[in-house]
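Peer 1: In our numbering, the protein residues as written are -7 to 211. Have a look at this one before I ask anything.
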């Protein structure tokens, strides 16, 4: 969220509609702004593809006339969860990469519940803002994955190991989820098995219900 405040000598026009334009080197975003009081605007910061300084221009539309209220500089910084979300999306079908993360997941057992829920929410939000290609799926481009005799680790396995229930519930609605739910890791365990082992019975139930729904729709 970004706030744009003006001095008492420069109150916002009454009855106007306000817009913010973020213009970077490759992308440009337009978002509406909410007037909090006579001197302050509030807006949701749109996602951006790179960390860079962009121009931020505030516009006011009133009586079918639009004008510039002010111009500023705004710095986009890539947060850790955004970088992680992009990496996971890019390597979603790379079983070797996901297997390498398994030992790190055990550390999540020592993370306080409140902090884990916060991390879960932030990663899920970052994933929602990704600009995924139409052919992207949880198991590879166009749903094609490399079958191996050793098993296949997926993002659903990873989300269960981390105890990220929000992330997992978001993933099951993405393309390729039905295939990923049926895949077993190197130990022969499905995402639902991992969730049960972690004691995440509600998440295991989500996986089960989604699997049954996909099975019913397949007929």
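Quick reminder that beta carbons are idealized off the backbone N, C-alpha and C, glycines included.
At 4 residues or longer, what runs of the alpha helix (DSSP H) sit wholly inside the segment 96 to 129?
Peer 2: 105 to 120
Peer 1: If I'm right that residue 95 touches residue 149 with Cβ under 8 Å, what's the distance once you round it to whole angstroms?
Peer 2: Contact flag wrong, Cβ pair sits at about 14 Å.
Peer 1: Which residue comes first and which comes last in the beta strand (DSSP E) that contains residue 28?
Peer 2: Where residue 28 is concerned, there is no enclosing beta strand (DSSP E), given that its DSSP letter is neither H nor E.
Peer 1: State yes or no: is the C-beta of residue 64 within less than 8 Å of the C-beta of residue 38?
Peer 2: no
Peer 1: Is residue 2 buried or exposed, if buried means 16 or more other CB atoms sit within 10 Å of its CB?
Peer 2: exposed
Peer 1: Quick one: what does DSSP say residue -5 is sitting in, helix, strand or coil?
Peer 2: strand
Peer 1: Here's the rule: buried if 16 or more other CB atoms are within 10 angstroms of the residue's CB, otherwise exposed. What is residue 201?
Peer 2: exposed
Peer 1: Run through DSSP, which three-state label would residue 15 get?
Peer 2: strand
Peer 1: Does the beta-carbon distance from residue 146 to residue 172 come in below 8 Å?
Peer 2: The Cβ atoms of residue 146 and residue 172 sit closer than 8 Å to each other.
Peer 1: Rounded to the nearest angstrom, how far is the Cβ of residue 161 from that of residue 118, given a contact under 8 Å?
Peer 2: With a Cβ gap of about 15 Å, residue 161 and residue 118 do not count as contacting.
Peer 1: For residue 56 and residue 9, what's the separation of their Cα atoms in angstroms?
Peer 2: The straight-line gap from Cα to Cα measures roughly 10 Å.
Peer 1: Beta-carbon within less than 6 Å of residue 168's beta-carbon, same chain only, minus the 5 sequence neighbours each way: which residues are those?
Peer 2: 129, 130, 131 and 135
Peer 1: Run through the DSSP bridge pairs and tell me what residue 59 is partnered with.
Peer 2: 52
Peer 1: DSSP three-state label for residue 45, please.
Peer 2: The three-state reading of DSSP puts residue 45 in strand, counting E and B together.
Peer 1: In three-state DSSP terms, what is residue 89?
Peer 2: helix
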